[in-house]
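A.B. asks: Sequences listed follow chains A and B, in order. Per my numbering, residue 118 is the first one in the first sequence, and the count goes up by one each step. Per my numbering, residue 118 is the first one in the second sequence, and the count goes up by one each step.
There are 2 protein chains.
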Amino acid sequence: MRHLRLVLLLASAAALHAEDGSRLWLRYDRIADEPLRAAYARILRQVHLVEDDGEDSTGHGSPTLRAARDELATGLAGLLGSAPTITVDQVFHRTHSPSARAAGFDLRFGPGGAVIEGSDDLEVLYGAFALLREVQTRVPVARLRLDSSPRIQRRILDHWDNLDGFVERGYAGSSLWDWADLPGRLDPRYRDYARANASVGINGVTLTNVNADPRVLTAPYLAKAAALADVFRPYGLRVYLTARFSAPLDIGGMKTADPRDPAVAAWWRAKADEIYRAIPDFGGFLVKANSEGEPGPQDYGGSHADGANLLADAVAPHGGIVLWRAFVYSPHDANDRTKQAYNEFQPLDGKFRDNVLLQIKNGPLDFQPREPFHPLFGAMPKTHLALEVQLTQEYLGQATFLAYLGPLYQECLESRTYRPGRDSTVASVIEASGAGGLSAIAGVANIGADRDWTGHPLSAANWYAFGRLAWDPALPSAAIAEEWVRQSFSNDPRVVQGLGAILMASRPAVVDGTMPLGLHHIMARGHHYGPGPWVDGGRPDWTAVYYHKADAEGLGFDRTAAGSNALGQYAPEVAQAWGDLATCPDDLLLWFHHVPWDYRMRSGRPMWDELCLRYQRGFEEVQAMARQWDGLQALVDPERFARVAALFRQQAEETAVWRDGCLQYFQQFSRRPLPPGVPAPAHDLAYYEAIDLRHMPGDPSGR
Amino acid sequence: MRHLRLVLLLASAAALHAEDGSRLWLRYDRIADEPLRAAYARILRQVHLVEDDGEDSTGHGSPTLRAARDELATGLAGLLGSAPTITVDQVFHRTHSPSARAAGFDLRFGPGGAVIEGSDDLEVLYGAFALLREVQTRVPVARLRLDSSPRIQRRILDHWDNLDGFVERGYAGSSLWDWADLPGRLDPRYRDYARANASVGINGVTLTNVNADPRVLTAPYLAKAAALADVFRPYGLRVYLTARFSAPLDIGGMKTADPRDPAVAAWWRAKADEIYRAIPDFGGFLVKANSEGEPGPQDYGGSHADGANLLADAVAPHGGIVLWRAFVYSPHDANDRTKQAYNEFQPLDGKFRDNVLLQIKNGPLDFQPREPFHPLFGAMPKTHLALEVQLTQEYLGQATFLAYLGPLYQECLESRTYRPGRDSTVASVIEASGAGGLSAIAGVANIGADRDWTGHPLSAANWYAFGRLAWDPALPSAAIAEEWVRQSFSNDPRVVQGLGAILMASRPAVVDGTMPLGLHHIMARGHHYGPGPWVDGGRPDWTAVYYHKADAEGLGFDRTAAGSNALGQYAPEVAQAWGDLATCPDDLLLWFHHVPWDYRMRSGRPMWDELCLRYQRGFEEVQAMARQWDGLQALVDPERFARVAALFRQQAEETAVWRDGCLQYFQQFSRRPLPPGVPAPAHDLAYYEAIDLRHMPGDPSGR
């Protein structure tokens, strides 16, 4: 018998609690730098909360003020090691005259501590989160004064969650809402969800999928939604529901859902009354109608305005609103699909009730990696227009690819529409709607039951960025990324700069790696994850060939006057710039033009070579992000490090598949060699066409 | 302007990290009692790991030994505040003679520290977890010696998880296995899952639903399963897969799946070879065949033995096994459904290969709250028999009701079969199979992606109890409950006793409150959650009336010789005791007898009164558990306290619905008044019959 003795000395035990991302950006870890911690603690030994319009007479503060106090106590105790003394002042205006200050909060620091003054209790709560953000991001606060008010009134997350727990285009597990559990049991995550939203100013949540199940409007489900609303209320988060237009038939026992039938109108009024009895601060309805098979007013010869106004009249007595989606296109309309929403809605300008918003996706197609802004922005001056963006990543690599979408939101918001005024932008259009008392922005949530909420450890940045931009569309997306990194990972400058750079590089990497130069809708069928430029057959506007129009001459969709003239839907300044090959930006080239393979690009290269090099650049950008991330290994927790590193490996593999599959396919038409620097594909075209992914999450066709 | 100042002083900040149950029973929180902690630390400053059969030559120990070391380091650092010195001895047996000791581990404490000696590296790991269990449960270890070896070889969790993330009869969120993520990304939960299993000795996991998707046997999914197996391997957890019998047709391009076709046998052999290339320690196949619509050998005129042996021959060269389920019953068999498995399988005794186990549910029907043991146990002495129990709670209130199932497992394991020997029990029958080299027990998992793994904060106790009883079927379930409480909640004697008592009371409360006195299968259709004694129509053996047979004379299924004679399938001793009304236990009365409403029970009461009082007792038992739990509020964390309190409220409401709905229904036949002490139902029968629950989790018919 032989003996071998190994003596293993352990320098330190592994961390007891793995970092699972569940705390999001509200981590409140103790400040390690002792002098800095002491300096903050000195300033923050007292925090004064001042509510300008206090109406509470209990002597204990409203639930919202208590939430502010609790968050500050917990957060500062974590950051500083000891909780401050917190006082609450409620200032009553005897005359009910307008508040001394406009909506918003004022945060200031002085010798007497910090003062958070808000126009109401919710604004105080927002101020409390702002204070915690300043400390978490290590802003020197000694003489800071921050005066902030939201630029858009309704800042809403749209959940595409079905009642059976499935999240359409959701890649972070099943639905947060446990309908079987509700209303009796309230998952603690509901409150954490509300806290996270309030921390970035999000004040609304649409619980259910736009492909709506009418049963959510029945009494049992209203009781469940009301239980959620009760949890959310102290955090200023209002509940909205999707309404299936045929609900009067589906659940109401009616024979019709005709918007002009008085009995139908009465049914909706009674239903709205019932909802408001359960949820007194119910936000309103979000409606997808006459789109992709959903029922709508056109089934009865009515218009979208007839449908929207029907529901709007039902909720109006209660202060509710209707968000009517402009995402419509018809299987019977031979027009370029990107033109159809404008054609349907623009003529209805001025026909909608005052409590209706038309909710318009950022681009005229459908959440592609890059789209021009939607031509309806600026084209309906007599209608409230709301912007809808996605936080989830349909068409953008789902929860596998890193795609920080702050720059996409910013790109859209900054887009100049030249209508109604010369200086108009998408942001000013949706904000201007607010002058009349109503403005909104909606984000399709990327949130599920995964422990880290969003599936990819870095994609909570999209949730954060959406909220921050909804509050102030002028915030630079890079600054938002930095804020998020500091709170979610570290204030170490190497992490702040390194991870900040990765985030900012990520969306261009997806565009280059999958649909560069304005290519769009060339993804695989169904799950929309991998490449599918060869997708053909069936409904034409659901194929790829409909959009890329590759042929022996060139590539791209001619939307100039010589083609579909979708450009004619934009202001003349826009149409002119984008309609001219010489002034159209490279990024939108193939969106608006059918471009010859040998067209000389700004780079001096033929279009084909440029296309190939963009795909290759996308691949290299992913590798570069992965390398940068590897360099941060010592500075981030091992759990998130390993997960993100594995995701980058997968993204690189998938991006190579995109590059090789698309170039193999397009090369059939270009009949040109790959330029130097672009490697030969690993497989033949048949290999890529045969890839058949199964069971991708979030794919309704794969259930 | 009026001023109101509220000064809110905070005694202490709220806990920063909410208790979410994610650590299960492996919490390793620091021992608060300082002298006790110091005493443990003195004894445990050194831990020696001794592997009797070490074959590792790297000098670093095997991955399993490293896992043992890491767990001890992390666990003891948490419990004691400092990590011990850990040494590893590997003892090589030059002659390859049998190890000095049998399979198992030996744990002893002395002046030189703790010594964990194992017959191989996995047994060392089990010993490490045992050591941590002793400390976590505050066992005085100074002179402790623990010698332990498993009584059953294969201790397997069966996951009824579909490839799309849906868990059939799963009530804790979606599947743990993220198939879209695999094999590239490995959720950290996979390792935690393996740790939890190893900590209680579970050594196998069947990844997929018995209603099998053949695609799991294709190359892409085998790569995914292999990635999981790689994570699980250091923890001794082997992967098994479910095999759809028609896989040669479904995915193999064959024209038949006939078990007697040589080409089919060759296909399975090649498939097994492929699997073992990916997963060298693959456990084997679990098969549901010719049951509830699944394909099987009978489709080709073959027997279950033909089918099982076909797969067994394929995996035999690799040391694999086949677990062939005995849960079969036919829509065309007019026999009492509970008799059909015995009728089909008993005649095949001796016909199965040596690497086949017949996997038999605890009872002859289907996981009801209480069943007699399955008559096949003891009736097939020439066949390896495995026991299948459920951890999930189909028919037992899902994740809403508390049902600690340790007592159910124990009740079954202790049941005397009187076959093959006079002293035989179910436990000895399944252990005896091991003498020939093969024994197994399987538990249908209650685990999902919920943060607390099992949905109800207390139902992880079922996971724990299954593992502990699989290791040693003689462990008392109350002692196991106490172990679990100490590790998962607290060693405070009030919690240990109070929560222990709640757990032990919980399964009787479910039996009494839903299906007392041997009633069975009277639940609602589809989701199987609420009451449904009125369920009738369609396939008879899927109704309730088929089983309760209520009429003007009485209630219950006559399975004596005068009836279906299911009793004839048991040993004479059993058949006689249960066949006689005078000796049949109350708990099985209506399972085996059609009993007159006025039959005088042991209590002296007529059966109808006893039935009513049992339902009422079930309701009161839930209220009592809730009160006991309320008394523990100050001693448990607020998160789990609130969640469990809410669940008890819901369980009480649902139990009242069971009581009132069932008694309203049966009263139509008994035509007798409710006895004193049983309140009048809140609603009429139509109300209960009309309850239509939607979107219950885990219900395949509700998707």
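Glycine included, every Cβ here is placed at the ideal spot set by N, Cα and C. These numbers were taken from a predicted model, which means no experiment stands behind them.
Using a Cβ cut-off of 7 Å, pull out every chain B residue sitting near W296 (chain A), in sequence order please.
C.D. replies: Those are H812, listed as they occur along chain B.
A.B. asks: I'd like to know if A900 (chain A) contacts chain B, where contact means its C-beta is closer than 7 Å to some C-beta of that chain.
C.D. replies: No information on residue 900 (chain A) is available, as it lies outside the stretch 118 to 820 that chain A covers here.
A.B. asks: Residues of the region 745-762 of chain B in Cβ contact with chain A at a cutoff of 7 Å, in chain order, please.
C.D. replies: Those residues of the region 745-762 of chain B that come within reach of chain A (Cβ to Cβ, closer than 7 Å) are E756, R760.
A.B. asks: Using the beta-carbon of each residue, which ones in chain A are nearer than 7 Å to G696 (chain B)?
C.D. replies: Those within 7 Å of G696 (chain B) in chain A number zero; the least Cβ separation is about 41 Å.
A.B. asks: What first and last residue would you give for the alpha helix (DSSP H) that runs through G523 (chain A)?
C.D. replies: Start and end: 523-531.
A.B. asks: Please classify D668 (chain A): does DSSP put it in a helix, a strand, or coil?
C.D. replies: Coil.
A.B. asks: What are the start and end residues of each continuous alpha helix (DSSP H) run of 4 or more residues lying completely inside the region 723-752 of chain A, in chain order?
C.D. replies: The qualifying runs are 724-747.
A.B. asks: Could you compute how far the alpha carbon of T335 (chain A) sits from the alpha carbon of I368 (chain A)?
C.D. replies: C-alpha separation (whole angstroms): 7 Å.
A.B. asks: Let me make sure I understand the geometry here. Which of B:A185, B:L474, B:R260 has the alpha-carbon closest to that of I558 (chain B)?
C.D. replies: When only C-alpha atoms are compared, the closest one is B:L474.
A.B. asks: Just to confirm the assignment: which complete beta strand (DSSP E) runs, minimum length 3, are found wholly within the region 298-334 of chain A?
C.D. replies: The region 298-334 of chain A contains these whole beta strand (DSSP E) runs: 321-323.
A.B. asks: Express the C-alpha separation of R140 (chain B) and L193 (chain B) in angstroms, rounding to a whole number.
C.D. replies: The alpha-carbon atoms of L193 (chain B) and R140 (chain B) are separated by roughly 15 Å.
A.B. asks: The alpha helix (DSSP H) spanning H421 (chain A) covers which residue range?
C.D. replies: Here the alpha helix (DSSP H) through H421 (chain A) covers 421-432.
A.B. asks: What is the DSSP secondary structure of A557 (chain A), reduced to helix, strand or coil?
C.D. replies: Looking at A557 (chain A) - three-state DSSP - the assignment turns out to be strand.
A.B. asks: Looking at the structure shown, is Y804 (chain A) part of a helix, part of a strand, or coil, going by DSSP?
C.D. replies: It is helical.
A.B. asks: Extract the residue ranges of the alpha helix (DSSP H) inside the region 459-536 of chain A, only unbroken runs of 4 or more that lie entirely within it.
C.D. replies: DSSP runs (the alpha helix (DSSP H)) wholly in the region 459-536 of chain A: 523-531.
A.B. asks: Is there a C-beta anywhere in chain B that falls below 7 Å from the one on G538 (chain A)?
C.D. replies: So no, G538 (chain A) is outside the interface.
A.B. asks: Can you give the beta carbon distance from R272 (chain A) to I319 (chain A), rounded, assuming they're within the 8 Å contact cut?
C.D. replies: R272 (chain A) to I319 (chain A), Cβ: 5 Å. Contact.
A.B. asks: Considering only C-alpha positions, which residue in the set A:P448, A:R789, A:P574, A:V546 is nearest to W142 (chain A)?
C.D. replies: Closest option to W142 (chain A), Cα to Cα, is A:P574.
A.B. asks: Determine the direct distance from the alpha carbon of A343 (chain B) to that of V333 (chain B), and round the result to whole angstroms.
C.D. replies: Those two C-alpha atoms are separated by around 11 Å.
A.B. asks: Give me, in chain order, the residues of the same chain whose beta-carbon lies closer than 6 Å to that of T148 (chain B); leave out the 5 immediate sequence neighbours on both sides.
C.D. replies: Note that residue 148 (chain B) corresponds to Ile in the displayed sequence, not to Thr. So the qualifying residues of the chain are R154, L196.
A.B. asks: Please check if any C-beta of chain B sits within less than 7 Å of the C-beta of R250 (chain A).
C.D. replies: No, R250 (chain A) lies away from the interface with chain B (no Cβ there is under 7 Å from its Cβ).
A.B. asks: Output needed for L749 (chain A): all residues of its chain with C-beta closer than 8 Å, excluding positions within five of it in sequence on either side, in chain order.
C.D. replies: The residues are R611, V612, G615, L616, F758.
A.B. asks: Starting from the beta carbon of P257 (chain A), find every residue of chain B whose beta carbon is closer than 8 Å, and list them in chain order.
C.D. replies: Near P257 (chain A) there are no residues of chain B at all, since even the closest Cβ is about 24 Å away, more than 8 Å.
A.B. asks: At a Cβ cut of 7 Å, what residues of the region 317-338 of chain B count as close to chain A, listed as they run along the chain?
C.D. replies: Cβ contacts with chain A come from R332.
A.B. asks: Three-state secondary structure (DSSP) at V256 (chain A)?
C.D. replies: Of the three classes helix, strand and coil, the one that applies to V256 (chain A) here is coil, per DSSP.
A.B. asks: Quick check: the Cα distance between A516 (chain B) and T542 (chain A), rounded to an integer number of angstroms?
C.D. replies: Using only the alpha carbons, I get a separation of about 51 Å.
A.B. asks: Quickly, what does DSSP pair T373 (chain B) with across the bridge? List them, please.
C.D. replies: Its beta-bridge partners do not exist; DSSP assigns none.
A.B. asks: Which same chain residues, not among the five before or five after E670 (chain B), have their C-beta less than 7 Å away from its C-beta?
C.D. replies: Hits under 7 Å: P713.
A.B. asks: I need the straight-line Cα distance from Q745 (chain A) to A562 (chain A), nearest angstrom please.
C.D. replies: C-alpha separation (whole angstroms): 28 Å.
A.B. asks: In the DSSP assignment, find the unbroken beta strand (DSSP E) run with T359 (chain A) in it and report its ends.
C.D. replies: Counting along the chain, the beta strand (DSSP E) containing T359 (chain A) begins and ends at 355-359.
A.B. asks: Would a check of beta-carbon distances place Q510 (chain B) closer than 7 Å to chain A?
C.D. replies: Cβ-Cβ to chain A under 7 Å: no for Q510 (chain B).
A.B. asks: If you reduce the DSSP assignment to three classes, tell me which class H165 (chain A) lands in.
C.D. replies: In the structure shown, H165 (chain A) sits in a strand (DSSP, three-state: E or B).
A.B. asks: Is it the case that the Cβ atoms of F709 (chain A) and A743 (chain A) are separated by a distance below 7 Å?
C.D. replies: Their beta carbons are not under 7 Å apart, which means F709 (chain A) does not touch A743 (chain A) by this criterion.
A.B. asks: Starting from L440 (chain B), follow its DSSP beta bridges and name the residues at the other end.
C.D. replies: Answer is B:L403, B:L474, bridged to L440 (chain B).
A.B. asks: Ignore the nearest five residues each way along the sequence and tell me which others in Y307 (chain A)'s own chain have a CB closer than 7 Å to its CB.
C.D. replies: Only L345, V348 meet the Cβ criterion.
A.B. asks: Pop quiz: T455 (chain A) and G495 (chain A) are said to be a contact at Cβ under 8 Å. What is the actual Cβ separation, rounded to whole angstroms?
C.D. replies: Actually they do not touch by this definition, with Cβ atoms about 16 Å apart.
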